[in-house]
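Participant:
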Amino acid sequence: MDVREPDWAYVSRSLVKVLAVSAALFMALHMAEGLLRVFVDFGEERAARVRATAARIANPERRLDTWPNGSRVTEGINSLDWISDIDAKSVDEAQTVAEQDREIAERNRKTKEEARKIIRKLPQTLDALAVVDFTHAMTTEQLIAFNRRHELCGGADISYVYSLGYYDDSSDDPETSEVVWNRDLSEEHTVIPPQYQCETEPQIALAAFRRWVGLLDENDDLSEFDLYDWWLAGVAEQGVVYGLVVDRWKLPDLLPLLDDPKVRTITLADVAFDLGEIR
């Protein structure tokens, strides 16, 4: 019988290939499990993730608590319900359209000037959490054009106000929270971190918001956040943006936005020193 010595080099190469394929299969299964969690109901774990995202949507000002190396110097505003979509209907119906336009323009001018005074009085090295309030709600296409004018890039520091808060004690309609969305809010639902776009980020963000809303059903009770699946579905379908919430912006970077006619005003929700910049 011819007994020959095994080809150890061949055996080693085969073993390496087996290990490589096994590792690739493990990673693929791990990623598939993570992606399945987006579409499959995993019971209490899924409900907890949905509620966590809803809480962050309804309470954007709490993001300040995550500022690293930050020293807060003013108290935050706990609501964004002072954003307003001003149009001619909000003015006396007896006025002419021209008079209404002049009144709205004058109101906008005063609020912008007040915003400039506040921003310029503060130390310009401060980081800000602020709301950019649009004169009218913008479509995705209009917001992309706005971004291009100001060379804005989407990212974790810009969120989109898809709905304003609603409360009317004379109506049977339920109270609703503002809807402030950033793709980072749903990062926990996927193993793949968001790859932010630049000027076209509003388009990607809206698609992600609609995808998240599409996961909700009538069993997801979000009423403690004043959010409701049927109402969120309508907000997602409309898909307009009433304003931006900008996070960790330097104060001087806010001022150019006040020159845009589509911006009614900018309101500071909070400011802080970045202690990490101090050497």
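Residue numbering for the sequence shown is 686 to 964, as defined by my numbering.
Ideal Cβ placement from N, Cα and C applies to all residues, glycine included.
Take the Cβ of Leu765 as the centre, count every other Cβ of all protein chains shown within 10 Å, and call the residue buried at 16 or more, exposed below.
Facilitator: Residue placement at Leu765 is flagged as unreliable, the pLDDT there being 46, under the threshold of 50; a coordinate-derived value is accordingly withheld.
Participant: Leaving aside the five residues before and after Pro887 along the sequence, list all residues of the same chain whose C-beta is less than 8 angstroms from its C-beta, in chain order.
Facilitator: Thr825, Leu828, Ile829, Asn832, Gly839, Tyr845 and Val926
Participant: Less than 8 angstroms between the CB atoms is what I'm expecting for Leu939 and Ala813, so what's the real figure, rounded?
Facilitator: 7 angstroms
Participant: What does Ser848 pair with, by DSSP beta-bridge criteria?
Facilitator: Beta bridge pairing from DSSP links Ser848 with Val864.
Participant: On a CA-only basis, which of Glu884, Glu863 and Leu917 is nearest Val930? Give me that one, please.
Facilitator: Glu863
Participant: Since Asn867 contacts Ala892 with CB under 8 angstroms, what's their CB separation in whole angstroms?
Facilitator: Approximately 13 angstroms separates the beta-carbon atoms of Asn867 and Ala892; this is outside 8 angstroms, ruling out the contact.
Participant: Please determine if the segment 901–915 and the segment 733–745 are in contact, where contact requires at least 3 C-beta pairs separated by less than 8 angstroms.
Facilitator: yes
Participant: Give every residue of the same chain whose Cβ lies closer than 8 angstroms to the Cβ of Ala890, excluding the five residues on either side of it in the sequence, and list them in chain order.
Facilitator: Gly839, Tyr845, Trp866, Asn867 and Arg868
Participant: Quick one, which of Ile804, Lys797 and Phe819 has its alpha-carbon nearest Lys947's?
Facilitator: For Lys947, the nearest C-alpha among the options comes from Phe819.
Participant: Terminal residues of the continuous beta strand (DSSP E) containing Gly919?
Facilitator: Per DSSP, Gly919 belongs to no beta strand (DSSP E); it is in the alpha helix (DSSP H), Asp914 to Gln923.
Participant: Under the rule that 16 or more other beta-carbon atoms within 10 Å means buried, what is Pro745, buried or exposed?
Facilitator: buried
Participant: Report the option in Lys702, Tyr881, Ala918 and Leu942 whose CA atom is closest to the CA atom of Arg801.
Facilitator: Leu942
Participant: Measuring only the C-alpha atoms, how far is Arg896 from Tyr881?
Facilitator: 16 angstroms
Participant: Nearest-angstrom Cα distance between Val920 and Trp934?
Facilitator: 27 angstroms
Participant: Which partner residues of Leu953 appear in the DSSP bridge assignment?
Facilitator: Checking the DSSP bridge columns, you'll see Leu953 partnered with Ala815.
Participant: Using 10 angstroms around the beta-carbon of Asp955, count the other beta-carbons present and answer buried if the total reaches 16, otherwise exposed.
Facilitator: Label assigned to Asp955: buried.
Participant: DSSP three-state label for Lys947, please.
Facilitator: In the structure shown, Lys947 sits in coil (DSSP, three-state: anything other than H, G, I, E or B).
Participant: Could you give the distance in angstroms between the alpha-carbon of Phe910 and the alpha-carbon of Val816?
Facilitator: 20 angstroms
Participant: Can you give me the C-alpha to C-alpha distance between Val898 and Ser871, rounded to a whole angstrom?
Facilitator: 11 angstroms
Participant: Could you tell me the boundaries of the alpha helix (DSSP H) in which Leu939 lies?
Facilitator: Leu936 to Leu939
Participant: By how many angstroms is the C-alpha of Ile843 removed from the C-alpha of Arg834?
Facilitator: 16 angstroms
Participant: By a C-beta neighbour count over all protein chains shown, 10 Å radius and 16 as the cutoff for buried, is Thr861 buried or exposed?
Facilitator: buried
Participant: Here's the rule: buried if 16 or more other CB atoms are within 10 angstroms of the residue's CB, otherwise exposed. What is Glu852?
Facilitator: Rather than Glu, the amino acid found at residue 852 in this sequence is Tyr. Tyr852 should be labelled exposed.
Participant: Return the CA-CA distance between Ala705 and Met712, expressed in angstroms with no decimal places.
Facilitator: 11 angstroms
Participant: How is Asp932 classed by DSSP in three states: helix, strand or coil?
Facilitator: strand
Participant: Using alpha carbons as the reference points, say which of Trp916, Gly924 and Pro879 lies closest to Ala822.
Facilitator: Gly924
Participant: Mapping the DSSP letters down to three states, classify Thr796 as helix, strand or coil.
Facilitator: helix
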